[in-house]
Amino acid sequence: MFTLTRSTGPWACQLTLIRHQDPLSATFENVTGEPFGQALRSPAELPHALRAAALALVGPHATFSRDVICVNVHAADVPDLCVFDLPGMHGDRETRRLAKLCAQSPRTLVLLAFSCEGASPGPRAAAVDAWMNEAEPDNLAAVRLAREVDPTGGRTLGVLTKADRMDDTTPWARMLRGEEHPLMHGWFCPRESVALQQVLGIHAHHRVGRAAFVRKLDAVLGDITRQRVIELQTLATARLDALSDELARIPDSPSARGDARNEVFKLLLQFSGNVSQLVSSVSTTVDDTAFWSTVRNEQQSLRRELQRSAPKFIPWERACSVRDLQWLEDPASLANDGSAEFSQRSGEELFVDDVANLMAK
């Protein structure tokens with residue numbers, strides 16, 4: 008694992024050993040990290056330190072280890088980049104799962120590396136942010152994995168390694184021309200190969216050599232970076248708009264507007280006015296209007312019920328005949344004032360002499 012961090016200080020590098028707590032563990036969980044030696048101050052010290060760290064992990068008699076060496080470099084002339092190199096596990100499912108998880112990020116550049124050693128392509132998938140090694144019987148597993156995590160192929164580059172050990176240039180030349188395992192950005196051979204240059208002819212300038220690979224790598228990384236910058240700009244704009252709204256809702260400090268006592272008095276007046284509007288049902292708010300409309304309806308209903316319970320005042324003495332009472336009805340002036348009609352009142356009949364008796368008491 009390589010972590011490059013741009014800093015203003017001098018070049019520095021710290022190696023860290025990531026060890027499995029359980030040597031027989033089949034997963035990449037339950038690991039511990041410990042610094043290996045002192046921080047390096049010169050790039051010339053790094054190769055020797057890496058060999059010493061590898062020896063500390065593998066031991067003098069083994070050739071392979073599942074443990075990891077982390078190289079953390081801080082310098083002024085390096086990009087902010089993280090590279091994971093996962094060793095091949097000969098079909099190990101956990102390695103494949105971790106590689107897939109690491110390469111799914113849209114900010115990950117996938118390097119699909121084929122070793123030219125031998126007569127047939129032996130693929131391994133590598134990725135900036137997650138280098139993936141595949142060494143299973145199906146040589147196309149790495150290609151399928153790369154296309155699965157990057158369906159459009161916009162962040163996948165094909166790389167041919169160990170070009171000096173190839174036995175036959177034909178299959179590799181076909182891949183560089185895009186005739187086999189075609190990729191959106193094509194295949195590249197960073198190491199100079201005279202044999203491939205002779206076979207490819209004028210196409211070798213674009214596919215063979217470190218310069219061609221660096222140009223394409225720079226272009227693809229630039230596209231990924233620009234896309235990420237657009238995403239960050241969108242997120243930053245949305246966040247700034249939200250912050251502006253929050254700041255706009257913050258009232259000015261009392262000291263900025265004058266006497267604090269006047270501000271408190273204004274707030275009390277404003278609160279009193281709001282309460283008065285609510286109580287008097289003159290608020291224009293939809294919820295307040297609906298509420299007070301219901302209250303007014305209930306008030307009218309209660310008023311009618313109270314009016315129905317009022318006594319029936321009759322402007323005659325109790326000894327009057329029933330015929331004299333037939334013409335009684337409410338005056339026209341009371342027809343629309345919401346009062347209960349005389350015939351609908353439930354109170355007792357009260358004659359003039361009854362009123363006189365009550366007044367005499």
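Going from the sequence shown to the working numbering is simple: count from 1 and add 7.
Don't be surprised by glycine CBs; every beta carbon is placed ideally from N, CA and C.
Computed from a prediction, not measured in an experiment: that's the story for all the values here.
Do you know how far the Cα of Arg13 is from the Cα of Glu186? Against the sequence shown, residue 186 aligns to sequence position 179. Against the sequence shown, residue 13 aligns to sequence position 6. Using only the alpha carbons, I get a separation of about 40 Å.
Under DSSP, the alpha helix (DSSP H) around Ile237 begins and ends at which residues? Translated into positions along the sequence shown, residue 237 becomes position 230. Counting along the chain, the alpha helix (DSSP H) containing Ile237 begins and ends at 217-255.
Indicate the three-state DSSP secondary structure (helix, strand or coil) for Gln45 in the structure shown. The count along the sequence shown starts at 1 and reaches residue 45 at position 38. Gln45 falls in the strand class under three-state DSSP.
Determine contact between the segment 270-288 and the segment 315-325, defined as no fewer than three beta-carbon pairs at a distance below 8 Å. no
Under 8 Å, do Leu22 and Asp87 count as touching if we go by C-beta distance? Numbered from 1 along the sequence shown, position 15 holds the residue referred to as residue 22. Numbered from 1 along the sequence shown, position 80 holds the residue referred to as residue 87. Taking 8 Å as the Cβ cut-off, Leu22 and Asp87 do not qualify as a contacting pair.
In the DSSP output, which residue or residues are listed as bridge partners for Thr168? Residue mapping note: residue 168 aligns to position 161 of the sequence shown, counting from 1. Answer is Ser122.
Nearest to Asp74 by alpha carbon, out of Ala56, Asp361, Gln28, Lys223? In the sequence shown, residue 74 corresponds to position 67, counting from 1. The shortest Cα separation from Asp74 among Ala56, Asp361, Gln28, Lys223 belongs to Gln28.
Inspect the beta-carbon positions of Val166 and Phe195 and report whether they are closer than 8 Å. For the purposes of this step, residue 166 is identified with residue 159 of the sequence shown, where counting begins at 1. For the purposes of this step, residue 195 is identified with residue 188 of the sequence shown, where counting begins at 1. Their beta carbons are under 8 Å apart, which means Val166 touches Phe195 by this criterion.
Can you tell me the Cα-Cα spacing of Ala63 and Arg26, whole angstroms? On the sequence shown, residue 63 is found 56 positions in, with the first residue counted as 1. On the sequence shown, residue 26 is found 19 positions in, with the first residue counted as 1. Looking at the two C-alpha atoms, the distance is approximately 11 Å.
Do Val221 and Glu199 have their beta-carbon atoms positioned less than 8 Å apart in this structure? One-based indexing of the sequence shown puts residue 199 at position 192. One-based indexing of the sequence shown puts residue 221 at position 214. No, Cβ-Cβ distance for Glu199 and Val221 is not below 8 Å.
How should Met182 be labelled, buried or exposed, when 16 other C-beta atoms within 10 angstroms of its C-beta is the threshold for buried? Here residue 182 refers to the residue found at position 175 when the sequence shown is read from its first residue. Answer is buried; the Cβ neighbour count reaches 16.
Selection from Ile237, Leu119, Arg310, Asp259 that minimises the alpha carbon distance to Gly193: Position 186 of the sequence shown, counted from the start, is the residue given in the question as residue 193. That would be Leu119, whose Cα lies nearest to the Cα of Gly193.
Span separating the alpha-carbon of Pro178 from that of Ser122: Indexing the sequence shown from 1 puts residue 178 at position 171. Indexing the sequence shown from 1 puts residue 122 at position 115. Taking the straight line from one Cα to the other gives about 12 Å.
Thinking Cys20 and Val90 are a contact (beta carbons under 8 Å), I'd like their distance in whole angstroms, please. As a first step, residue 20 must be located in the sequence shown, where it is residue number 13. As a first step, residue 90 must be located in the sequence shown, where it is residue number 83. Actually they do not touch by this definition, with Cβ atoms about 14 Å apart.
Around the C-beta of Asp174, are 16 or more other C-beta atoms found within 10 angstroms, so that it is buried, or is it exposed? Start at 1 with the first residue of the sequence shown, and residue 174 comes out as number 167. Classification for Asp174: exposed.
Using only CA atoms, which one of Pro113, Val236, His188, Lys169 lies nearest to Asp157? Here residue 157 is taken as the residue at index 150 of the sequence shown, counted from 1. Nearest option by C-alpha distance: Pro113.
Please determine if the segment 227-239 and the segment 200-210 are in contact, where contact requires at least 3 C-beta pairs separated by less than 8 Å. no
Does the Cβ-Cβ distance between Val78 and Met8 come in under 8 Å? Your numbering for residue 78 matches position 71 in the sequence shown. Your numbering for residue 8 matches position 1 in the sequence shown. Yes, Cβ-Cβ distance for Val78 and Met8 is below 8 Å.
Could you give the DSSP three-state label for Thr23: helix, strand or coil? Position 16 of the sequence shown, counted from the start, is the residue given in the question as residue 23. Thr23: strand per DSSP, three-state reduction.
What would DSSP say about Thr177, mapped onto helix, strand or coil? As a first step, residue 177 must be located in the sequence shown, where it is residue number 170. DSSP places Thr177 in helix when its eight states are reduced to three.
With the cut-off set at 8 Å, would you say Lys319 and Leu365 are in Cβ contact? If you number the sequence shown from 1, residue 319 lands on position 312. If you number the sequence shown from 1, residue 365 lands on position 358. Cβ distance not < 8 Å, so Lys319 and Leu365 don't count as in contact.
Buried or exposed by the 16-neighbour rule on C-beta atoms within 10 Å, applied to His188: Within the sequence shown, the letter at position 181 stands for residue 188. The residue in question, His188, is buried, as its Cβ has 16 or more Cβ neighbours within 10 Å.
Quick check: what's the CA-CA separation for Arg352 versus Pro258? Taking the sequence shown and counting its residues from 1, one reaches residue 352 at position 345. Taking the sequence shown and counting its residues from 1, one reaches residue 258 at position 251. Cα to Cα, the separation comes out at about 58 Å.
Under 6 Å Cβ to Cβ from Thr168, same chain only, skipping five residues before and after it: list those, please. Position 161 of the sequence shown holds residue 168. The residues are Ala120, Ser122.
Would you kindly work out how many angstroms separate the C-alpha atoms of Phe298 and Asn304, rounded to a whole number? On the sequence shown, residue 298 is found 291 positions in, with the first residue counted as 1. On the sequence shown, residue 304 is found 297 positions in, with the first residue counted as 1. Those two C-alpha atoms are separated by around 10 Å.
Quick one: grab the DSSP three-state call for Trp299. Along the sequence shown, one-based indexing puts residue 299 at 292. Trp299: helix per DSSP, three-state reduction.
Use the C-beta contact count for Val150: other C-beta atoms within 10 angstroms, 16 or more gives buried, fewer gives exposed. The residue labelled residue 150 in the question sits at position 143 within the sequence shown. It is buried - the Cβ of Val150 has at least 16 other Cβ atoms within 10 Å.
To which residues does DSSP link Leu357 through a beta bridge? As a working mapping, residue 357 is identified with position 350 in the sequence shown. Per DSSP, Phe320.
Based on the DSSP secondary-structure assignment, which residues constitute the bridge partners of Val80? Taking the sequence shown and counting its residues from 1, the one referred to as residue 80 is at position 73. Leu11, Cys20.
As assigned by DSSP and simplified to three states, the class of Gly193: By 1-based counting over the sequence shown, the position of residue 193 is 186. In this structure, Gly193 counts as coil in the three-state DSSP scheme.
Please list, in chain order, all residues of the same chain as Ala3 whose beta carbon is under 6 Å from its beta carbon, the five residues on each side excluded. This structure leaves residue 3 out entirely; the chain is present only between 8 and 368.
How big is the Cα-Cα spacing for Arg268 and Asp252? Within the sequence shown, residue 268 is the residue found at index 261, counting from 1. Within the sequence shown, residue 252 is the residue found at index 245, counting from 1. In a straight line, the C-alpha of Arg268 is about 28 Å away from that of Asp252.
Beta-carbon proximity of Ser308 to Gly354, cut-off 8 Å: Here residue 308 corresponds to residue number 301 of the sequence shown, with the count starting at 1. Here residue 354 corresponds to residue number 347 of the sequence shown, with the count starting at 1. In this structure, Gly354 does not lie closer than 8 Å to Ser308 by Cβ.
Taking the beta strand (DSSP E) that Val90 belongs to, which residues open and close that run? Residue mapping note: residue 90 aligns to position 83 of the sequence shown, counting from 1. From DSSP, the beta strand (DSSP E) with Val90 extends over 88-90.
Classify Gly185 as helix, strand or coil using the three-state DSSP reduction. Taking the first residue of the sequence shown as position 1, residue 185 is located at position 178. Of the three classes helix, strand and coil, the one that applies to Gly185 here is coil, per DSSP.
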